[in-house]
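Novice: The structure under discussion is supplied below as structure tokens; questions concerning it will follow.
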């Protein structure tokens with residue numbers, strides 16, 4: 001697949017291009033994707049499902065602080081977005097298995113990069129939050 005010139009443009013230039021085309025916040029691919037990937041549970045569920053398919057109860061055990069209701073909603077949202085598939089086995093009682101779709105698998109490399117960055121940066125982020133919460137905004141103000 002040929003690469004477009006805009007694929008290598010700096011992010012600010014790409015944003016300017018989006019705005020020039022009549023930027024529609026509701027149709028923004030970045031906002032839409034980050035809204036899903038950036039929520040509290042999606043990244044965790046995708047990482048768990050990256051290893052292998054899981055049944056609902058296995059997912060709930062893997063992410064124990066998620067409520068069953070929120071797990072159900074998160075799985076529906078991921079399925080709606082095409083990031084996971086749901087397979088019902090004809091057993092009694094029926095069993096259901098969730099797995100990454102090809103689209104979900106394609107999200108793993110960028111998600112791994114974000115996870116790596118978060119792990120490397122977390123202590124610095126926590127220190128910055130603590131300084132900000134203590135009222136020390138001098139560094140942020142001087143950088144602006």
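Numbering (our numbering), first residue to last: 1 to 144.
Here a beta-carbon is modelled for each residue, glycine too, at the ideal position from N, C-alpha and C.
These numbers were taken from a predicted model, which means no experiment stands behind them.
1) DSSP beta-bridge partners for residue 54?
2) Report the rounded CA-to-CA distance for residue 131 versus residue 96, giving the unit in angstroms.
3) Once the 5 residues before and after residue 2 are set aside, which same chain residues still bring their CB inside 7 Å of it?
4) Which residues in the same chain as residue 144 place their Cβ atom closer than 6 Å to its Cβ, once the five residues preceding and following it in sequence are excluded?
5) Can you round the beta-carbon distance between residue 86 and residue 98 to whole angstroms, since I take them to be within the 8 Å contact cut?
6) Which residues does DSSP pair with residue 87 in a beta bridge?
Specialist: Once the coordinates are examined:
1) 98
2) 47 Å
3) Unreliable placement is indicated for residue 2, whose pLDDT of 49 sits below 50; the coordinate value is still reported in the next sentence. Nothing meets the Cβ criterion.
4) In this prediction, residue 144 scores a pLDDT of 49, lower than 50, which makes its location untrustworthy; the coordinate-derived value is nonetheless stated afterwards. Here the set comprises nothing.
5) 6 Å
6) 97
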